[in-house]
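Student: My questions will all concern the structure given below.
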Amino acid sequence: MPETVLVIGGGPAGLEAARAVAEVGAQAILVERRAVLGGTPDESNYAALTPHLGSAQDALDLLRAGVQDPNVDIHLETTVTGCTGSLGDFRVTLSGPGGESTVKAGSIVVATGFQHFDPGRETQMYGYYEYPDVITLPDAEKMLKDHHFVRPSTGEAPRNVAFIQCVGSRDRRLGNEYCSKVCCGVASKEAIEIRQMLPDCKVYIFYIDMRMYGYWESQIYWPAQEQYNVNYIRGIVTEIVGKDGRLLMKGEDTTMGRPVEVLMDMIVLSVGMEPSKGTRDVAGILGVEQNKYGFIHTPGEPMDPVGTSVPGIFVAGAAAGPKDLEDTMSMAGAAAMRAIRAIRGLARAEVSASR
Amino acid sequence: MRDLPVIKVDGVLELEHAVVDGVDISGHWNRMFNQRAINAYPTEAMDWVTGLAGGESMRDCYQCGKCVPVCPVNHVGDYGPRKLNVKVLRGNNLLDDPDLWLCTTCGNCYRVCPKEVNPLRIMPAIREQAVLEGKVPDELADVFQKLQRTGNPQGESPRKRADWIAEAGVPVPLISELGRPVDVLWYVSDYTSYHPRGKDAARAMARVLTALGVDFAILGNEERSDGDSARLAGESGLFEMLAEQNIKLFNKYQFRQLVVMDPHAFNAFKNEYPRLGWQGEVLHYTQFLAPLVDRLQFQSQVDLDVTYHDPCYLGRNNGEFDAPRRLLEAIPGIRLAEMPHNKQNGYCCGGGGGGMWLDGFVADHVSERLSERRVREAVATVGTDGTGVLSVACPYEPSRFEDAVKSTGNDGRLVVRDIIELLDQALQPASA
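Protein chains in written order, with this note's numbering: chain A, 53 to 407; chain B, 619 to 1050.
In structure tokens:
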């Protein structure tokens, strides 16, 4: 039986899974919807990675270099449109520039990722589509990447900027009852970058509670507060209205128990994670169970974070829910190993049966 | 109606007298709230505080609130260390805020602070600016003047500083008159020199040192206040002036060890005087006596239930918890019991950081004195029938606690004794 693993998705999770498969001598087929590898960090213009502010470009180059291997068969601008068979004998239909084709794979790793929450779904709260100076974390990321952080409405540097946390996360009404896990760190990281770039700009983070798990506490949160003078105000915002060319932000300062009505030049919405369209589509095509939020269900958690409801199909990265890069890389390695082992376990079973 | 007086209390408008259409709506009936919304988060106050030498850690608070339940002042009012950061982060530089003077620098919040926000450095830094701007409560300003003029906070004549030795019952040599080096220079300190109860402790100390055959002397009328509480209350210039005078004396005479009665002096000599040019061995008297305790020839039983109050500047802020307890345990007959707040979690008497000189001001902002709370705790531990003793090792405390025993209605239930007085008592033959 050929040891072939189909990896769906060419972002960090998929690149690392494909690299790992090839590294141990198995064959990987890597399928990516876009014309370039890199996934959301590339598509959403990530500049500096949380927590160390290392270059996202360097990290992606490293990941891309990892799949430059004769054992990795890369299909760009290609999507999965059908799947039959089972563990050891999946037949998957790919639709790409050359039309449709069918590949055979012993097992599959789904690495189709997430998409950023669309703040337009928060109706009449944040005016994302109404006020150009209301932006999202990835919008800010792009400006930081270009070293040009300005108010979109005027092209001038902002005098004050507020981040609003938990936009699209932890919300029963929106259906996203989960914490998106990375936004507190990413917002703090961007706040540091803004303070570095614009030392006269006051930066505020309005939050329900800061969720700086693990080392991010001292790697991001404390430096942001202690060295970069980012002002953390507990309390969240429910309304943004334009006033005199600026943004009047209304919320509650819960520490003071008083309303907040503060004028800001720019507001950054810390949007959370939702399953990408690719994750939803692929889950349907492969027949793997999704959880109530649309992410790929991992029934074996917490002991098995990569197994799906279908034997031989594994998941890595944010296709399985909000993940940071460390989670993603760990899952990719685990998923690759489990995918190969599933094929080899089958092969061993066949050998012993034939004796 | 327009001309009537307006009572303005923190955003609330209330007319003292108001009659509308013949209906009297004086007082709370016409209460109106001002705009409550916060319209700006100015960063200048925080930048200013953290720009002061000592104020740096103010920014680091992340509002966990661990400090508030252990802050003694919080038990009797609205003040809490966490709330200082809240105020500064919202533009209040504290210069005109009573909170600036409520902290006793007892250090219990710093003990539990996960972010190491340190009011022992922050408060003096901001208070120093208040002093420079003349924004000091009157009673504290009055004490600063007395310290400046007389070298002691009571404003007593410096020429009477050593008057207490006349009634010590043993010779108390002045180092200036000895004309030779001594083993121990005993720094007597302010309250021990002038306050009636402090003088009791001084005389007891003289007798104990004599009983031990210690080669000691005092500075006498040359001695000046250590200045540490003035420093913590924001008068760093005054502190440095007093320190300079004392350091001149320390350098003039030869001695092996400096022994002090007052933990605040201990703190100053150990932690602050080195940067001003004096370095030497300094011991609190309990630390000096504890290793010698086996040499004490006790003459009588002291049949008492005793609890011990850890002074903030001996215990928590300088780490000495054992020496006082070793002395107490050595006294025949004493039964030592701990109060719930002891050692690292000792409860402040309210006298530190200038609190000693702010009783009137503080009283306007708290429901009861810290010393009163502490006395209630002591009574609950050892006192109901008058044989209970609250033992202390800081000259601020006898007067504070004895006042509190009276004001809490515990007269006759609890007595306050310096440890040195209990030692002295046990060294005397049992009285008839």
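The beta-carbon is built from N, C-alpha and C at its ideal position, and this holds for glycine as well. Note that the coordinates shown come from a computational prediction; the quantities given were computed from them, not determined experimentally.
By the 10 Å Cβ neighbour count, where 16 or more other Cβ atoms means buried, how is ARG991/B classified, buried or exposed?
Tutor: Classification of ARG991/B: buried, given that the 10 Å Cβ count is 16 or more.
Student: Helix, strand or coil for GLU862/B per DSSP?
Tutor: Three-state DSSP puts GLU862/B in a helix.
Student: Please specify which runs of the alpha helix (DSSP H), each continuous and at least 4 residues long, are wholly inside the region 886-917 of chain B, giving them in chain order.
Tutor: Complete alpha helix (DSSP H) runs here, min 4: 891-894 and 903-907.
Student: For ASP125/A, decide whether its Cβ has a neighbour in chain B, counting only Cβ atoms nearer than 8 Å.
Tutor: False, the Cβ-Cβ gap to chain B never drops below 8 Å.
Student: Is it buried or exposed for MET355/A, if we count other Cβ within 10 angstroms and need 16 for buried?
Tutor: Counting Cβ neighbours within 10 Å, MET355/A comes out exposed, since fewer than 16 surround it.
Student: Nearest-angstrom Cα distance between TYR401/A and ILE365/A?
Tutor: For the sequence presented, residue 401/A should be read as Ala rather than Tyr. For ALA401/A and ILE365/A, the distance between alpha carbons rounds to 19 Å.
Student: Along chain A, which residues have their Cβ under 7 Å away from the Cβ of ASN657/B?
Tutor: Those within 7 Å of ASN657/B in chain A are GLU313 and VAL314.
Student: Express the C-alpha separation of GLN217/A and LEU988/B in angstroms, rounding to a whole number.
Tutor: So the two alpha carbons sit approximately 41 Å from each other.
Student: Mind checking TRP1058/B: buried by the 16 CB within 10 Å criterion, or exposed?
Tutor: The question about residue 1058/B has no answer here: the residues shown for chain B are numbered 619 through 1050.
Student: Can you check which of these residues, LYS764/B, ARG943/B and ARG934/B, is closest to THR904/B by C-alpha distance?
Tutor: Comparing Cα positions, the closest option is ARG943/B.
Student: Please list, in chain order, all residues of the same chain as THR290/A whose beta carbon is under 7 Å from its beta carbon, the five residues on each side excluded.
Tutor: MET177, LYS302 and GLY303.
Student: Work out the CA separation of GLU774/B and TYR871/B for me, nearest whole Å.
Tutor: Approximately 25 Å, taken between the alpha carbons.
Student: Cα separation between ASN770/B and TYR680/B?
Tutor: Answer to the nearest angstrom: the Cα atoms are 40 Å apart.
Student: Are there three or more Cβ pairs, one per stretch, closer than 8 Å when the region 121-129 of chain A is compared with the region 69-81 of chain A?
Tutor: Touching, yes.
Student: Of all Cβ atoms in chain A, is any one closer than 8 Å to the Cβ of VAL630/B?
Tutor: Chain A contact via Cβ: absent.
Student: Pick helix, strand or coil for ASN228/A, following the three-state DSSP scheme.
Tutor: Correct three-state label for ASN228/A: strand.
Student: Please confirm if ILE288/A has its CB atom under 8 Å from at least one CB of chain B.
Tutor: Taking Cβ atoms only, chain B never reaches closer than 8 Å to ILE288/A, which makes this a no.
Student: What did DSSP end up calling ASN212/A once you bin it into helix, strand or coil?
Tutor: Strand at ASN212/A.
Student: Shortest alpha-carbon distance to THR175/A belongs to which of GLY220/A, GLU152/A, GLU193/A and GLY165/A?
Tutor: If we check each option's Cα against that of THR175/A, GLY220/A comes out closest.
Student: Helix, strand or coil for GLN342/A? Go by DSSP, reduced to three states.
Tutor: If DSSP states are grouped into helix, strand and coil, GLN342/A belongs with the strands.
Student: Kindly identify the DSSP beta-bridge partner or partners of GLY137/A.
Tutor: DSSP output for GLY137/A lists PHE142/A as bridge partner(s).
Student: If the cut-off is 7 Å on Cβ atoms, which residues from the region 681-698 of chain B count as contacting chain A, listed in chain order?
Tutor: Here the close residues are GLN681.
Student: Measure from the C-beta of GLU291/A to each C-beta in chain B and report whether the shortest distance is under 8 Å.
Tutor: Closer than 8 Å: no.
Student: Quick one: Cα of ASN889/B to Cα of PRO881/B, how far?
Tutor: Straight-line Cα distance between these residues: approximately 12 Å.
Student: Let me check one thing: in DSSP terms, what residues is ASN283/A bridge-paired to?
Tutor: DSSP lists TYR256/A as partners of ASN283/A.
Student: Does any CB atom of chain A fall closer than 8 Å to the CB of ARG677/B?
Tutor: Interface residue, yes.
Student: For ASP1036/B, write down the residues that DSSP places opposite it in a beta bridge.
Tutor: Its beta-bridge partners are VAL1010/B.
Student: Roughly how many angstroms separate the alpha carbons of ASP49/A and PHE215/A, rounded to a whole number?
Tutor: This structure does not reach residue 49/A, given that chain A is present from 53 up to 407, and the question cannot be answered.
Student: Contact defined as beta carbons within less than 8 Å: I believe TYR926/B pairs with ASN885/B. What is the distance between those atoms, to the nearest angstrom?
Tutor: The Cβ separation is near 19 Å, so there is no contact.
Student: When DSSP builds the beta bridges, which residues end up paired with THR92/A?
Tutor: Paired residues: none, contrary to the question.
Student: Apart from the five residues on each side of it in sequence, which residues of its chain come closer than 8 Å, Cβ to Cβ, to HIS813/B?
Tutor: If we look at HIS813/B and ignore the five residues flanking it on each side, its Cβ neighbours are GLN772, PRO1013, PRO1016 and SER1017.
Student: How far does the alpha helix (DSSP H) with MET664/B in it extend, from its first residue to its last?
Tutor: That run of the alpha helix (DSSP H) goes 662-669.
Student: In whole angstroms, give me the CA-to-CA distance for ALA70/A and LEU112/A.
Tutor: Answer to the nearest angstrom: the Cα atoms are 14 Å apart.
Student: Is it buried or exposed for ASP317/A, if we count other Cβ within 10 angstroms and need 16 for buried?
Tutor: Classification of ASP317/A: buried, given that the 10 Å Cβ count is 16 or more.
Student: Please state the DSSP three-state secondary structure of GLU68/A.
Tutor: Three-state DSSP puts GLU68/A in a helix.
Student: Measuring alpha carbon to alpha carbon, tell me which of ARG729/B, ALA658/B and LYS753/B ends up nearest LEU707/B.
Tutor: Selected option, being the one with the closest Cα: ALA658/B.
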